[in-house]
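This report refers to the structure that appears directly beneath it.
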Amino acid sequence: MNTLRTLLAISTLGLAAGAYAVDAGKTYLYGDIGQSRYDAGDAVGKLGGAGSNETDFAGSIGAGYRITPNVAVEAGYLNLGRMTAGNSNATAKYSAQGLGLQAVGTVPLNDRFGVYGSAGLNPLYVKSSLAGATDSEWRVVPSVGVGVSYKVSDALGVRGGYTQYFNTVDNQGVKSDTGMLSMGMTYGFN
(Lines of atoms letter the chains of each structure in order from A and count residues from 1; the text may use other names and numbers.)
(Lines give C-alpha, C1' and ligand atoms only; values in the text may rest on other atoms or scores of the structure.)
Protein backbone atom coordinates (compact mmCIF):
# COMPACT_ATOMS: atom_id res chain seq x y z
CA MET A 1 0.00 0.00 0.00
CA ASN A 2 2.86 2.42 0.78
CA THR A 3 4.42 1.66 -2.62
CA LEU A 4 1.13 2.54 -4.31
CA ARG A 5 0.95 5.83 -2.42
CA THR A 6 4.53 6.65 -3.33
CA LEU A 7 3.94 5.93 -7.02
CA LEU A 8 0.74 8.01 -6.94
CA ALA A 9 2.63 10.88 -5.33
CA ILE A 10 5.48 10.74 -7.85
CA SER A 11 3.13 10.55 -10.85
CA THR A 12 1.08 13.46 -9.54
CA LEU A 13 4.22 15.59 -9.27
CA GLY A 14 4.49 15.51 -13.04
CA LEU A 15 0.99 16.96 -13.33
CA ALA A 16 1.24 19.34 -10.38
CA ALA A 17 0.90 23.12 -10.54
CA GLY A 18 1.25 26.00 -8.08
CA ALA A 19 -0.96 28.95 -7.25
CA TYR A 20 1.92 31.20 -8.37
CA ALA A 21 0.99 30.34 -11.97
CA VAL A 22 -2.39 32.08 -11.70
CA ASP A 23 -2.74 35.82 -12.42
CA ALA A 24 -4.52 38.29 -10.12
CA GLY A 25 -8.32 38.22 -10.26
CA LYS A 26 -8.38 34.60 -11.38
CA THR A 27 -9.98 31.59 -9.78
CA TYR A 28 -8.12 28.31 -9.63
CA LEU A 29 -8.61 24.73 -8.50
CA TYR A 30 -6.00 23.00 -6.39
CA GLY A 31 -5.11 19.56 -5.14
CA ASP A 32 -2.32 18.52 -2.80
CA ILE A 33 -1.15 15.08 -1.72
CA GLY A 34 1.51 14.15 0.73
CA GLN A 35 2.30 12.73 4.10
CA SER A 36 1.14 13.88 7.52
CA ARG A 37 3.07 13.38 10.73
CA TYR A 38 1.29 13.40 14.08
CA ASP A 39 3.49 14.17 17.08
CA ALA A 40 2.50 11.20 19.25
CA GLY A 41 5.18 11.64 21.91
CA ASP A 42 2.80 12.90 24.64
CA ALA A 43 0.33 10.09 24.01
CA VAL A 44 2.88 7.30 24.00
CA GLY A 45 4.62 8.80 27.05
CA LYS A 46 1.31 8.89 28.93
CA LEU A 47 0.79 5.24 28.01
CA GLY A 48 4.16 4.36 29.54
CA GLY A 49 6.21 4.01 26.36
CA ALA A 50 8.78 6.04 24.50
CA GLY A 51 7.73 9.04 22.41
CA SER A 52 7.16 8.65 18.69
CA ASN A 53 5.95 10.34 15.54
CA GLU A 54 3.47 8.55 13.29
CA THR A 55 2.87 9.24 9.58
CA ASP A 56 0.01 8.67 7.14
CA PHE A 57 -1.18 9.69 3.67
CA ALA A 58 -2.80 13.16 3.63
CA GLY A 59 -4.31 15.48 1.05
CA SER A 60 -6.52 18.42 0.17
CA ILE A 61 -8.64 19.60 -2.74
CA GLY A 62 -10.41 22.92 -3.28
CA ALA A 63 -10.54 26.30 -4.98
CA GLY A 64 -8.59 29.51 -4.64
CA TYR A 65 -8.92 33.14 -5.68
CA ARG A 66 -5.90 35.35 -6.39
CA ILE A 67 -6.73 38.78 -4.92
CA THR A 68 -3.48 40.41 -6.10
CA PRO A 69 -0.49 38.99 -7.98
CA ASN A 70 1.02 38.06 -4.60
CA VAL A 71 -1.98 37.24 -2.36
CA ALA A 72 -4.58 34.47 -2.68
CA VAL A 73 -7.18 32.77 -0.50
CA GLU A 74 -7.97 29.04 -0.64
CA ALA A 75 -10.84 26.94 0.71
CA GLY A 76 -11.36 23.20 0.37
CA TYR A 77 -11.51 19.74 1.87
CA LEU A 78 -8.52 18.73 4.02
CA ASN A 79 -7.69 15.23 5.31
CA LEU A 80 -4.72 14.85 7.65
CA GLY A 81 -4.90 11.06 7.76
CA ARG A 82 -4.80 8.77 10.80
CA MET A 83 -2.28 7.90 13.48
CA THR A 84 -2.05 4.87 15.75
CA ALA A 85 0.62 4.52 18.44
CA GLY A 86 0.92 2.55 21.62
CA ASN A 87 2.32 -0.37 23.50
CA SER A 88 1.05 -3.60 25.05
CA ASN A 89 -0.83 -1.62 27.75
CA ALA A 90 -2.85 0.82 25.65
CA THR A 91 -3.19 2.53 22.27
CA ALA A 92 -3.65 6.11 21.06
CA LYS A 93 -5.51 6.81 17.79
CA TYR A 94 -6.12 10.15 16.05
CA SER A 95 -7.70 11.29 12.79
CA ALA A 96 -8.58 14.76 11.45
CA GLN A 97 -10.45 16.02 8.39
CA GLY A 98 -12.58 19.00 7.46
CA LEU A 99 -12.32 22.43 5.87
CA GLY A 100 -8.98 23.99 4.98
CA LEU A 101 -9.04 27.82 4.90
CA GLN A 102 -5.74 29.49 3.97
CA ALA A 103 -4.37 32.88 3.01
CA VAL A 104 -1.37 32.44 0.71
CA GLY A 105 1.31 35.04 0.03
CA THR A 106 3.74 34.50 -2.86
CA VAL A 107 7.07 36.20 -3.58
CA PRO A 108 8.28 35.64 -7.16
CA LEU A 109 12.02 34.95 -7.46
CA ASN A 110 11.98 35.24 -11.27
CA ASP A 111 9.51 34.62 -14.14
CA ARG A 112 9.09 30.96 -13.18
CA PHE A 113 10.08 30.33 -9.54
CA GLY A 114 8.49 31.67 -6.39
CA VAL A 115 8.32 31.03 -2.66
CA TYR A 116 5.14 31.17 -0.64
CA GLY A 117 3.89 31.27 2.91
CA SER A 118 0.43 30.46 4.19
CA ALA A 119 -1.60 30.98 7.34
CA GLY A 120 -4.97 29.45 8.05
CA LEU A 121 -7.80 28.60 10.40
CA ASN A 122 -9.10 25.13 9.64
CA PRO A 123 -12.40 23.78 11.06
CA LEU A 124 -11.58 20.06 11.43
CA TYR A 125 -13.55 17.09 12.73
CA VAL A 126 -11.08 15.33 15.02
CA LYS A 127 -11.52 11.82 16.42
CA SER A 128 -9.19 10.61 19.15
CA SER A 129 -8.87 7.64 21.43
CA LEU A 130 -6.41 7.37 24.30
CA ALA A 131 -6.28 4.36 26.62
CA GLY A 132 -9.95 3.58 25.91
CA ALA A 133 -11.26 7.16 26.35
CA THR A 134 -12.66 8.42 23.04
CA ASP A 135 -13.45 11.95 21.95
CA SER A 136 -14.74 13.47 18.72
CA GLU A 137 -15.29 17.16 18.12
CA TRP A 138 -15.04 20.00 15.65
CA ARG A 139 -11.95 22.10 16.37
CA VAL A 140 -10.64 25.25 14.69
CA VAL A 141 -6.99 24.40 14.10
CA PRO A 142 -4.53 27.20 13.20
CA SER A 143 -1.83 26.48 10.62
CA VAL A 144 1.23 28.02 8.98
CA GLY A 145 3.11 26.81 5.94
CA VAL A 146 5.97 27.51 3.54
CA GLY A 147 6.84 26.23 0.10
CA VAL A 148 8.21 26.75 -3.39
CA SER A 149 6.41 26.99 -6.72
CA TYR A 150 7.36 26.72 -10.37
CA LYS A 151 5.32 28.27 -13.20
CA VAL A 152 4.88 25.75 -16.04
CA SER A 153 2.49 27.93 -18.09
CA ASP A 154 0.06 30.82 -17.54
CA ALA A 155 -2.39 28.39 -15.92
CA LEU A 156 -0.15 25.60 -14.60
CA GLY A 157 2.79 25.30 -12.22
CA VAL A 158 4.32 22.98 -9.61
CA ARG A 159 4.35 23.57 -5.86
CA GLY A 160 5.64 21.71 -2.85
CA GLY A 161 5.54 22.71 0.77
CA TYR A 162 5.23 21.99 4.45
CA THR A 163 2.29 23.04 6.66
CA GLN A 164 2.15 22.77 10.45
CA TYR A 165 -1.28 22.37 12.11
CA PHE A 166 -1.25 23.31 15.80
CA ASN A 167 -3.14 21.46 18.58
CA THR A 168 -4.87 19.16 16.14
CA VAL A 169 -5.73 16.78 18.99
CA ASP A 170 -6.44 17.47 22.68
CA ASN A 171 -7.65 14.41 24.63
CA GLN A 172 -7.12 13.88 28.37
CA GLY A 173 -4.46 16.59 28.44
CA VAL A 174 -2.52 14.99 25.58
CA LYS A 175 -2.00 17.44 22.72
CA SER A 176 -0.69 16.67 19.26
CA ASP A 177 0.42 18.94 16.43
CA THR A 178 0.33 17.62 12.88
CA GLY A 179 2.72 18.45 10.05
CA MET A 180 1.99 17.85 6.35
CA LEU A 181 4.66 17.62 3.65
CA SER A 182 2.93 17.86 0.26
CA MET A 183 3.12 18.53 -3.44
CA GLY A 184 0.19 19.94 -5.33
CA MET A 185 -1.39 21.28 -8.42
CA THR A 186 -3.55 24.20 -9.41
CA TYR A 187 -5.29 25.01 -12.64
CA GLY A 188 -6.23 28.64 -13.25
CA PHE A 189 -9.23 29.84 -15.24
CA ASN A 190 -9.36 32.97 -17.44
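In the working numbering, the protein residues as written are 244 to 433.
All C-beta atoms in this analysis are idealised placements derived from N, C-alpha and C, irrespective of residue type, glycine included.
Given the structure is predicted, the values throughout are model-derived calculations rather than measurements.
- The C-beta separation of Tyr408 from Thr429 comes to about 21 Å, leaving the pair out of contact by the 8 Å criterion.
- Secondary structure in the region 371-431: the beta strand (DSSP E) runs of 3 residues or longer, each lying completely within the stretch, are 376-394, 400-414, 417-431 in chain order.
- Cβ neighbours of Thr327 within its own chain (closer than 6 Å, five residues either side excluded): Lys336.
- Beta-carbon to beta-carbon, Val391 and Gly403 are separated by about 6 Å, close enough to satisfy the 8 Å threshold.
- Straight through space, the alpha carbons of Leu272 and Ala306 are spaced by roughly 4 Å.
- If you keep only unbroken beta strand (DSSP E) runs of at least 3 residues inside the region 309-372, you get 314-329, 334-351.
- Secondary structure at Gly274: strand, using DSSP grouped into helix, strand and coil.
- In the three-state reduction of the DSSP assignment, Gly268 falls in the coil class.
- Here Leu342 has Ala318, Gly319, Tyr320, Leu321, Asn365, Pro366, Leu367 as same chain residues with Cβ atoms under 8 Å from its own Cβ, once five neighbours each way along the sequence are excluded.
- The beta carbons of Ala315 and Val347 sit closer together than 8 Å.
- The beta carbon of Pro351 sits closer than 6 Å to the beta carbons of Gly357 from its chain, once the five residues preceding and following it are set aside; these are given in chain order.
- In this structure, the beta-carbon distance from Ser419 to Tyr308 does not fall below 8 Å.
- Of the residues Arg325, Asn353, Gln340, Leu373, the one whose Cα lies closest to the Cα of Glu297 is Arg325.
- Here the alpha carbon of Ala398 sits roughly 5 Å from the alpha carbon of Gly431.
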